[in-house]
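Residue numbering for the sequence shown follows this note's numbering, beginning at 1039 and increasing consecutively. This report concerns only the one structure given below.
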Amino acid sequence: MNAGGAWCAPLAKSVGVDLPVRPRRRSAFVVSCPTPIPDMPILIDTSGVYLRREQNHFLCIVSPSAERDLDSLPLDVQFSEFDEIIWPTLAERIPAFEALRVEHAWAGYYEYNILDQNGIVGQSGPENSFVAAGFSGHGMMHSPGVGRAMAELLAFGEFRTLDLSPLSPARLSSGQLVIEEGVY
Ligand SMILES: Cc1cc2nc3c(=O)[nH]c(=O)nc-3n(C[C@H](O)[C@H](O)[C@H](O)COP(=O)(O)OP(=O)(O)OC[C@H]3O[C@@H](n4cnc5c(N)ncnc54)[C@H](O)[C@@H]3O)c2cc1C
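Have a look at this one:
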């Protein structure tokens, strides 16, 4: 059972499977704003900048441009993404955000499925080999469903309550891609 996240491809290779999943760095910034905005909804700007409230702070992220989005870059926070893209974008939309202050930041890897930016779930390669990986930066929200479905597949040999067959590894070679357009 390969649930290796951003590192699932090298593990898959050990059983002869080529998974199109790459570690792609994303920097996350936790910011504060002197003006309280208690009812701030999740915001996704057309530039790809997104922001959501985290108690008294906000979390914001933007994906780098395609030419800068290389595999396995070192996990150094890219403060230039905040200064040059996130901050001006948010300040233009919401004047109070002109005074944003970065409180904390970190970088992590999206487990980026380069074909359709969706999870890869099911049997793959040798008969007793399974995968649940490649969720492309939205795997936390998938995790309860994927956990349940995989438990059923392993225990009963089939999905019972949730049919995750559209996410099967076989789709990657059959052209039945499930393109996720909401991944930034
Ligand atoms: C900045 C950022 C923001 C995100 N925001 C969101 C969000 O808002 N909503 C959301 O739903 N998702 C979000 N995600 C994505 C989410 O974190 C991932 O989709 C999710 O963690 C993937 O879960 P996973 O179990 O597949 O992989 P992981 O959580 O990465 O777990 C994989 C595990 O496998 C281990 N491993 C790897 N190789 C081996 C090996 N050979 N042997 C043994 N163990 C191994 C690793 O150490 C790791 O513990 C975000 C990710 C990032 C980086």
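Positions of the beta carbon are idealized from the N, C-alpha and C atoms, including for glycine. Everything numeric in this text was worked out from a predicted model, so none of it was measured.
Continuous alpha helix (DSSP H) stretch holding residue i: start and end
i	result
R1186	G1177 to F1194
R1198	Counting along the chain, R1198 falls outside any alpha helix (DSSP H), and DSSP gives it neither H nor E.
F1130	A small fix is needed here, since residue 1130 is Glu in this sequence, not Phe. Run containing E1130: W1125 to R1131, per the alpha helix (DSSP H) assignment.
Distance, residue j Cα to residue i Cα
i	j	result
E1190	G1157	17 angstroms
A1145	I1123	16 angstroms
L1192	V1159	12 angstroms
M1179	W1045	19 angstroms
E1136	P1076	17 angstroms
F1117	L1081	20 angstroms
A1050	F1197	22 angstroms
V1115	A1066	8 angstroms
V1216	L1153	9 angstroms
R1091	C1071	11 angstroms
Collapsed DSSP secondary structure at residue i in the structure displayed
i	result
S1052	coil
A1143	strand
R1060	strand
D1109	strand
Reference residue i; option with closest CA among the options
i	options	result
R1062	E1219, D1107, S1162 and V1184	D1107
L1138	W1125, P1207, Y1148 and V1087	W1125
V1069	G1177, E1141 and G1043	E1141
G1086	Q1214, E1092 and P1102	P1102
Open item on the list: Using a Cβ distance threshold of 8 angstroms, determine whether the stretch 1168-1177 contacts the stretch 1041-1061, with at least three qualifying pairs required.
Closed with: yes
Open item on the list: Whether or not the stretch 1198-1207 and the stretch 1123-1140 are in contact is what I'm after, with contact meaning three or more pairs of Cβ atoms, one per stretch, closer than 8 angstroms; do they touch?
Closed with: no
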